[in-house]
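Protein chains in written order, with this note's numbering: chain L, 387 to 741; chain U, 235 to 495.
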């Protein structure tokens with residue numbers, strides 16, 4: 387009833403090509419952004435910000451990165467966590483070894499380092515596809531974690547390879563409180579998400595999707611396959627690298643290479659599968675699902691069943707329900723929550739009428 | 235028909251031979267294509283017609299022979315370079331980008347003409363935004379021309395076969411090619427769809443002066459719309475000339491058109 391574009395006529399291609407062509411969407415997104423920037427730091431307590439919202443945003447960014455590579459460019463990767471590790475350790479070393487290095491530049495350089503590593507490990511994609519490529523990216527996962535552990539230089543020769551992230555300071559302001567860290571992460575994620583959306587709706591994004599859908603035709607049209615695939619690896623790894631740096635600096639504080647293991651890569655892959663492959667909003671929905679649901683289940687089990695079941699059973703029950711829900715969602719909508727969201731919006735356009 | 239004038243030879247193929255291992259796909263084939271003409275390649279299944287197109291736009295590299303395009307001797311080249319030189323094509327089995335809308339598919343056809351790099355596009359200031367709009371205008375012209383306005387925003391996977399073929403033609407035309415290669419543009423279509431497609435091909439040739447090389451099995455169509463026909467059989471050229479000449483060529487009749495026993 388309220389969500390329909392009747393009467394909104396586009397009179398220019400610019401108006402038709404906006405990110406959100408429908409007025410209600412634009413208003414909705416602005417309201418969400420205003421809420422996230424202004425209301426959330428005031429309304430939510432430290433636990434929410436530190437343990438839920440900051441990791442949600444960071445994983446959204448990593449999922450966004452993987453979605454560019456896997457969802458848009460069609461190159462399956464199991465190395466996302468390794469690229470996060472490169473971002474985290476590179477940012478740490480830039481901060482450590484260069485005096486007066488601004489933190490934002492360190493994040494960007496961390497992302498660029500990850501991009502370079504991503505290009506190197508993306509080279510096999512020129513020859514191999516699909517599952518075989520996924521196995522090749524596994525090599526990145528194992529090799530990078532091994533190298534970061536093996537060579538002490540990366541962790542400044544700390545005994546167990548653990549690095550402690552330096553303080554974040556921008557123009558004299560120290561980001562110490564959870565509110566400040568949250569706002570910093572939010573600002574970075576929003577800007578990078580906007581950049582990602584702009585890329586996928588431009589010719590570079592169309593080139594990625596063309597390579598994904600039909601690489602022979604893409605080449606005949608004039609797309610340089612090698613260039614396009616490696617660019618996808620670079621951009622995707624940049625996003626993962628920045629996410630890794632934020633993971634170290636704004637979330638955990640002290641990280642070790644083993645923290646970026648295959649489990650984390652799979653977690654990010656599940657986020658995009660559940661959220662929606664080839665969708666920007668899907669990365670956020672998937673991250674929310676994977677980050678928030680276990681916590682929500684935990685709270686529910688604690689509230690309702692703590693008197694009835696023993697703690698060991700209730701914690702296993704949580705895993706069982708979580709697994710069950712993933713399977714349920716994949717059966718109901720294999721294209722992910724983003725598709726479900728889209729269907730919901732289409733239904734809403736007609737509601738309350740049947741046609 | 236029109237004021238189009240068939241010009242000089244723009245594509246000259248000399249003694250082309252193409253082998254895959256021991257299989258001879260094309261043997262010693264020579265023919266030329268003149269500017270603004272509609273040139274058909276016909277022949278039975280497996281005669282090497284699609285291989286011939288693949289040689290023209292650089293997907294296959296013949297072991298022997300010379301290719302001269304626009305007066306330039308062609309060295310080994312990759313398909314994306316052929317696209318830059320103004321050769322576009324459609325495929326025998328539809329090769330659209332299934333996950334994308336019609337509009338995005340056609341926009342992809344203009345990719346070689348877009349100059350902004352990915353960073354400009356990510357920030358979308360300056361020429362990146364302008365370019366999207368400029369090229370959208372061109373794309374809309376093609377969409378109007380092929381009468382597919384109503385399905386602009388539909389994902390191509392949801393379209394019926396005949397329309398998908400038309401979208402593929404739109405994608406090829408969006409590049410504003412000087413030479414258009416059509417691999418069985420009318421395969422699997424009903425009579426009406428074939429008529430539409432014929433009309434579009436003739437209009438493209440007439441209005442834009444695009445040179446067209448097409449492979450087609452429907453003899454009625456081929457004889458009606460093409461200026462000259464080359465006939466292949468088992469990778470060899472067995473006939474070449476106007477539709478009338480080809481129709482009366484004894485070798486062609488026995489190999490392809492059928493002969494009374």
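Yeah, the Cβ is synthetic: ideal placement off N, Cα and C, and Gly gets one too.
- Contacts with chain U at 8 Å (Cβ-Cβ) include residue 403 of chain L.
- The three-state reading of DSSP puts residue 253 of chain U in strand, counting E and B together.
- Sorting L:595, L:611 and L:401 by C-alpha distance to the C-alpha of residue 334 of chain U places L:595 at the top.
- Collapsing the DSSP output to three states places residue 418 of chain U in coil.
- Only residues of its own chain outside the window of five on either side were considered, and among them 320 have a CB closer than 6 Å to the CB of residue 412 of chain U, listed in chain order.
- Taking a 10 Å sphere around the C-beta of residue 623 of chain L, we find 16 or more other C-beta atoms and assign the residue as buried.
- The C-beta separation of residue 346 of chain U from residue 402 of chain U comes to about 17 Å, leaving the pair out of contact by the 8 Å criterion.
- Here residue 556 of chain L is exposed. Its C-beta has fewer than 16 other C-beta atoms within 10 Å.
- Close to chain U, meaning a Cβ-Cβ distance shorter than 7 Å, is no residue of the region 491-519 of chain L at all.
- Residue 315 of chain U and residue 249 of chain U have their C-alpha atoms spaced approximately 22 Å apart.
- With respect to chain L, the C-beta atom of residue 274 of chain U has no partner C-beta closer than 8 Å.
- For residue 283 of chain U, the enclosing alpha helix (DSSP H) covers residues 283-290.
- Per DSSP, the unbroken alpha helix (DSSP H) holding residue 466 of chain L starts and ends at 466-483.
- Nearest C-alpha to residue 551 of chain L among L:640, L:697 and L:689: L:640.
- Across the set U:396, U:395, U:455 and U:297, the C-alpha of U:297 shows the shortest separation from the C-alpha of residue 256 of chain U.
- By the Cβ neighbour-count rule, residue 400 of chain L is exposed, with fewer than 16 other Cβ atoms within 10 Å of its own.
- Looking at U:301, U:267 and U:258, the one whose alpha-carbon comes closest to that of residue 282 of chain U is U:258.
- DSSP places residue 322 of chain U inside the beta strand (DSSP E), whose first and last residues are 321-324.
- Under DSSP, residue 559 of chain L takes part in a beta bridge, and its partners are L:556.
- Of the residues assessed, residue 275 of chain U falls on the buried side of the cut-off, its CB having 16 or more other CB atoms within 10 angstroms.
- The criterion of a C-beta distance shorter than 8 Å is satisfied by residue 344 of chain U and residue 408 of chain U.
- Within chain U, the residues 325, 329, 330 and 331 have their CB atoms less than 8 Å from the CB of residue 603 of chain L, given in chain order.
- Inter-residue distance for residue 713 of chain L and residue 500 of chain L is about 33 Å (C-alpha atoms, whole angstroms).
- Taking a beta-carbon distance threshold of 8 Å, residue 736 of chain L does not count as an interface residue toward chain U.
- Your pair residue 669 of chain L and residue 453 of chain L checks out as a contact, with CB atoms roughly 5 Å apart and the cut at 8 Å.
- DSSP places residue 444 of chain U in the coil class of the three-state scheme, outside both helix and strand.
- Distance check between residue 481 of chain L and each of L:604, L:446 and L:634 places L:634 closest, using alpha-carbon atoms only.
- When secondary structure is reduced to three states using DSSP, residue 527 of chain L falls in the helix class.
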